[in-house]
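Here the structure comes first, spelled out in C-alpha coordinates, and everything after it is commentary.
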Amino acid sequence: MASQRPGPIPGRGDGGFPRPDDDDGGLLPRTAPAGPGTLSPSDFPADVHCEIDLVANRFGCRRPDAIHVFEGPHDGQVVVKVVLDPRGTEMTRARFEVLYGDQASGWTVNIGDSPSNNGWGGDSSDQTRDSELQVLDGALTVICDDVGLAALKDKNLLALPDFARPGDTVTFEVENNRLVYWNNRGSEGNVDSPYLFCLAGQDDKEGPVNYDLFAGFNRVVQGGRTGTGVKRVRITLFPK
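Quick note on numbering: the sequence shown equals residues 49 to 288 in the numbering used here.
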(Lines of atoms letter the chains of each structure in order from A and count residues from 1; the text may use other names and numbers.)
(Lines give C-alpha, C1' and ligand atoms only; values in the text may rest on other atoms or scores of the structure.)
Protein backbone atom coordinates (compact mmCIF):
# COMPACT_ATOMS: atom_id res chain seq x y z
CA MET A 1 0.00 0.00 0.00
CA ALA A 2 1.45 3.33 -1.02
CA SER A 3 1.68 6.18 1.46
CA GLN A 4 2.60 9.82 1.27
CA ARG A 5 6.28 10.28 1.83
CA PRO A 6 7.21 12.22 4.98
CA GLY A 7 8.39 15.79 4.61
CA PRO A 8 11.63 16.75 2.88
CA ILE A 9 14.90 16.16 4.63
CA PRO A 10 17.18 19.18 4.90
CA GLY A 11 20.28 19.19 2.74
CA ARG A 12 21.29 18.80 -0.89
CA GLY A 13 20.10 15.85 -2.91
CA ASP A 14 17.42 13.35 -1.97
CA GLY A 15 17.78 12.23 1.61
CA GLY A 16 19.96 15.23 2.40
CA PHE A 17 23.07 13.58 0.91
CA PRO A 18 25.08 15.08 -1.91
CA ARG A 19 24.88 12.90 -5.00
CA PRO A 20 27.84 10.56 -5.62
CA ASP A 21 29.18 12.81 -8.38
CA ASP A 22 28.75 16.04 -6.36
CA ASP A 23 31.39 17.82 -4.38
CA ASP A 24 30.58 16.87 -0.82
CA GLY A 25 30.74 20.44 0.40
CA GLY A 26 32.97 19.45 3.30
CA LEU A 27 30.50 16.89 4.65
CA LEU A 28 33.28 14.33 4.98
CA PRO A 29 37.00 14.64 4.33
CA ARG A 30 38.37 13.29 1.08
CA THR A 31 41.01 11.37 2.97
CA ALA A 32 40.71 9.68 6.35
CA PRO A 33 42.52 7.05 8.38
CA ALA A 34 42.10 3.56 6.96
CA GLY A 35 41.03 2.08 10.28
CA PRO A 36 37.95 2.75 12.42
CA GLY A 37 37.62 6.34 13.53
CA THR A 38 35.29 8.93 14.89
CA LEU A 39 33.27 11.58 13.13
CA SER A 40 32.83 14.81 15.03
CA PRO A 41 29.23 16.06 15.31
CA SER A 42 30.44 19.12 13.40
CA ASP A 43 31.00 16.84 10.40
CA PHE A 44 27.28 16.19 9.84
CA PRO A 45 24.03 18.21 10.01
CA ALA A 46 22.74 19.30 13.40
CA ASP A 47 19.36 17.63 12.89
CA VAL A 48 20.96 14.21 12.27
CA HIS A 49 21.77 12.10 15.32
CA CYS A 50 24.30 9.73 13.77
CA GLU A 51 26.38 9.46 10.61
CA ILE A 52 28.42 6.48 9.45
CA ASP A 53 31.03 6.74 6.70
CA LEU A 54 31.67 3.22 5.38
CA VAL A 55 34.36 4.33 2.95
CA ALA A 56 36.64 5.55 5.75
CA ASN A 57 35.09 3.37 8.51
CA ARG A 58 34.11 6.29 10.73
CA PHE A 59 31.19 6.73 13.13
CA GLY A 60 29.76 9.85 14.76
CA CYS A 61 26.81 10.17 17.14
CA ARG A 62 24.98 12.86 19.12
CA ARG A 63 22.80 10.39 21.04
CA PRO A 64 25.06 7.65 22.45
CA ASP A 65 22.28 6.67 24.86
CA ALA A 66 20.10 5.68 21.91
CA ILE A 67 22.52 4.73 19.10
CA HIS A 68 25.75 2.85 19.51
CA VAL A 69 28.01 0.55 17.53
CA PHE A 70 27.24 -3.14 17.93
CA GLU A 71 30.05 -4.22 15.60
CA GLY A 72 32.51 -2.27 13.44
CA PRO A 73 32.79 -0.13 11.50
CA HIS A 74 35.47 -2.03 9.61
CA ASP A 75 35.99 -3.27 6.06
CA GLY A 76 33.09 -1.12 4.90
CA GLN A 77 30.61 -2.86 7.22
CA VAL A 78 28.84 -1.94 10.46
CA VAL A 79 26.09 -3.04 12.83
CA VAL A 80 24.44 -0.50 15.11
CA LYS A 81 21.93 -0.84 17.94
CA VAL A 82 19.12 1.70 18.23
CA VAL A 83 17.00 1.94 21.39
CA LEU A 84 13.47 3.28 20.88
CA ASP A 85 12.27 3.32 24.47
CA PRO A 86 9.77 6.11 25.21
CA ARG A 87 10.64 5.97 28.93
CA GLY A 88 14.38 5.82 28.48
CA THR A 89 15.67 7.46 25.31
CA GLU A 90 12.26 9.13 24.78
CA MET A 91 12.46 8.20 21.09
CA THR A 92 9.99 5.94 19.26
CA ARG A 93 10.85 6.27 15.56
CA ALA A 94 14.10 5.94 13.63
CA ARG A 95 14.92 7.15 10.14
CA PHE A 96 17.76 5.44 8.26
CA GLU A 97 19.00 7.28 5.16
CA VAL A 98 21.29 5.10 3.07
CA LEU A 99 23.53 6.38 0.27
CA TYR A 100 24.81 3.89 -2.29
CA GLY A 101 27.99 4.24 -4.30
CA ASP A 102 28.47 3.44 -7.97
CA GLN A 103 28.35 -0.33 -7.39
CA ALA A 104 26.11 -2.45 -5.17
CA SER A 105 25.66 -6.17 -4.66
CA GLY A 106 24.75 -8.73 -2.03
CA TRP A 107 23.39 -7.93 1.44
CA THR A 108 23.52 -4.16 1.79
CA VAL A 109 20.85 -3.45 4.46
CA ASN A 110 19.43 -5.61 7.26
CA ILE A 111 17.30 -4.00 9.99
CA GLY A 112 15.62 -6.22 12.55
CA ASP A 113 14.23 -6.86 16.00
CA SER A 114 16.79 -9.47 17.03
CA PRO A 115 20.53 -9.21 17.74
CA SER A 116 20.99 -12.35 15.64
CA ASN A 117 18.88 -11.50 12.58
CA ASN A 118 20.63 -12.99 9.56
CA GLY A 119 18.27 -12.59 6.62
CA TRP A 120 15.12 -14.33 5.39
CA GLY A 121 13.54 -14.19 8.86
CA GLY A 122 16.19 -16.21 10.64
CA ASP A 123 17.86 -15.60 13.97
CA SER A 124 19.44 -17.78 16.65
CA SER A 125 16.23 -18.07 18.72
CA ASP A 126 17.16 -14.94 20.67
CA GLN A 127 13.74 -13.35 20.11
CA THR A 128 10.30 -14.51 18.99
CA ARG A 129 9.75 -10.94 17.83
CA ASP A 130 12.47 -11.18 15.19
CA SER A 131 11.02 -9.46 12.12
CA GLU A 132 13.45 -7.85 9.71
CA LEU A 133 13.87 -6.00 6.46
CA GLN A 134 16.64 -6.77 4.02
CA VAL A 135 18.04 -5.34 0.81
CA LEU A 136 19.65 -8.14 -1.18
CA ASP A 137 20.92 -7.42 -4.69
CA GLY A 138 18.72 -4.33 -4.75
CA ALA A 139 15.48 -6.08 -3.77
CA LEU A 140 13.68 -4.95 -0.61
CA THR A 141 12.02 -7.74 1.38
CA VAL A 142 10.17 -7.34 4.68
CA ILE A 143 9.69 -10.50 6.74
CA CYS A 144 7.33 -11.05 9.66
CA ASP A 145 8.34 -12.36 13.09
CA ASP A 146 7.88 -15.90 14.44
CA VAL A 147 4.45 -15.02 15.82
CA GLY A 148 3.35 -14.01 12.34
CA LEU A 149 4.67 -17.24 10.84
CA ALA A 150 1.97 -19.12 12.76
CA ALA A 151 -0.78 -16.74 11.63
CA LEU A 152 0.08 -15.86 8.03
CA LYS A 153 0.39 -17.97 4.89
CA ASP A 154 3.42 -16.04 3.66
CA LYS A 155 6.26 -14.82 5.88
CA ASN A 156 7.02 -12.01 3.43
CA LEU A 157 5.10 -8.83 4.20
CA LEU A 158 6.66 -7.10 1.19
CA ALA A 159 8.80 -8.13 -1.78
CA LEU A 160 9.90 -5.21 -3.95
CA PRO A 161 12.53 -5.80 -6.66
CA ASP A 162 14.84 -3.08 -7.95
CA PHE A 163 14.37 -0.84 -4.92
CA ALA A 164 18.04 0.09 -4.45
CA ARG A 165 20.37 0.77 -7.37
CA PRO A 166 23.93 2.08 -7.47
CA GLY A 167 23.88 5.82 -6.82
CA ASP A 168 20.52 5.75 -5.04
CA THR A 169 19.55 7.20 -1.70
CA VAL A 170 17.01 4.97 0.04
CA THR A 171 15.25 5.76 3.29
CA PHE A 172 13.54 3.63 5.92
CA GLU A 173 11.46 4.93 8.82
CA VAL A 174 10.85 2.32 11.51
CA GLU A 175 8.52 2.45 14.50
CA ASN A 176 6.34 -0.01 16.38
CA ASN A 177 4.50 -2.25 13.86
CA ARG A 178 5.25 0.09 10.97
CA LEU A 179 7.75 0.66 8.16
CA VAL A 180 7.73 3.55 5.70
CA TYR A 181 10.18 3.39 2.80
CA TRP A 182 11.12 5.47 -0.22
CA ASN A 183 13.94 6.09 -2.67
CA ASN A 184 15.03 8.98 -4.87
CA ARG A 185 13.38 7.43 -7.95
CA GLY A 186 9.84 7.74 -6.60
CA SER A 187 9.30 4.26 -5.21
CA GLU A 188 7.57 4.59 -1.84
CA GLY A 189 5.12 2.85 0.43
CA ASN A 190 4.50 1.49 3.88
CA VAL A 191 3.99 -1.81 5.68
CA ASP A 192 1.80 -2.01 8.79
CA SER A 193 1.56 -5.27 10.72
CA PRO A 194 1.36 -6.48 14.33
CA TYR A 195 4.11 -8.94 13.33
CA LEU A 196 6.58 -6.24 12.31
CA PHE A 197 9.05 -4.35 14.53
CA CYS A 198 7.50 -4.96 17.94
CA LEU A 199 8.85 -1.96 19.86
CA ALA A 200 6.13 -1.25 22.42
CA GLY A 201 6.86 -3.80 25.13
CA GLN A 202 5.19 -6.82 23.51
CA ASP A 203 5.70 -10.20 25.17
CA ASP A 204 8.47 -12.40 23.78
CA LYS A 205 8.61 -16.14 24.45
CA GLU A 206 12.29 -16.57 23.60
CA GLY A 207 13.94 -13.39 24.83
CA PRO A 208 13.50 -10.33 27.01
CA VAL A 209 10.99 -7.61 26.28
CA ASN A 210 12.92 -4.77 24.66
CA TYR A 211 12.72 -1.67 22.51
CA ASP A 212 15.79 -2.40 20.42
CA LEU A 213 16.53 -2.36 16.70
CA PHE A 214 19.67 -3.74 15.10
CA ALA A 215 20.82 -2.44 11.73
CA GLY A 216 23.54 -3.93 9.56
CA PHE A 217 24.94 -2.18 6.50
CA ASN A 218 26.88 -4.11 3.84
CA ARG A 219 26.15 -7.17 5.99
CA VAL A 220 23.41 -8.86 7.99
CA VAL A 221 23.14 -8.19 11.71
CA GLN A 222 24.80 -11.50 12.61
CA GLY A 223 26.55 -14.05 10.44
CA GLY A 224 28.59 -14.17 7.28
CA ARG A 225 26.18 -12.76 4.71
CA THR A 226 27.79 -9.60 3.35
CA GLY A 227 27.53 -7.12 0.52
CA THR A 228 29.04 -3.96 -0.91
CA GLY A 229 27.67 -0.63 -2.03
CA VAL A 230 26.51 1.41 0.97
CA LYS A 231 28.81 4.41 1.39
CA ARG A 232 27.13 6.46 4.10
CA VAL A 233 24.26 6.14 6.54
CA ARG A 234 22.46 8.81 8.53
CA ILE A 235 20.20 7.98 11.47
CA THR A 236 17.68 10.43 12.90
CA LEU A 237 15.41 9.71 15.87
CA PHE A 238 11.99 11.14 16.65
CA PRO A 239 9.89 11.25 19.82
CA LYS A 240 6.33 10.00 19.99
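By construction, the Cβ of each residue, glycine as well, lies at the ideal position given by its N, Cα and C atoms.
In the structure shown, the three-state DSSP call for Ser-153 is strand. Within the same chain, and ignoring the five residues on either side of Val-268 in sequence, the residues whose Cβ sits closer than 6 Å to its Cβ are Trp-155, Asn-158, Asn-166, Gly-167. By the C-beta criterion, the region 105-122 is judged to be in contact with the region 270-285, since at least 3 inter-stretch pairs fall below 8 Å. Rounded to whole angstroms, the Cβ separation of Gly-124 and Leu-102 is 5 Å, and the two are in contact under 8 Å. The beta-carbon distance between Ser-241 and Gly-196, rounded to whole angstroms, is 7 Å. This is short enough to meet the 8 Å contact definition. Looking at the backbone, the Cα of Gly-108 and that of Ile-100 are separated by about 6 Å.
Per DSSP, the unbroken alpha helix (DSSP H) holding Leu-197 starts and ends at 194-199. Relative to the Cα of Ala-199, the nearest Cα in the group Gly-170, Leu-244, Leu-181, Phe-220 belongs to Leu-244.
Residue burial is scored here from C-beta neighbours: Asp-194 has at least 16 other C-beta atoms within 10 angstroms and is therefore classed as buried.
Residue state for Asp-260 is assigned as strand, using DSSP reduced to three classes. For Arg-141 and Asp-161, the gap between their C-alpha atoms comes out near 14 Å. For Lys-129 and Met-139, the gap between their C-alpha atoms comes out near 13 Å. Using a Cβ distance threshold of 8 Å, Ala-212 and Leu-188 count as a contacting pair. Closest in C-alpha terms to Val-239, from the list Pro-93, Leu-208, Phe-262, comes Leu-208.
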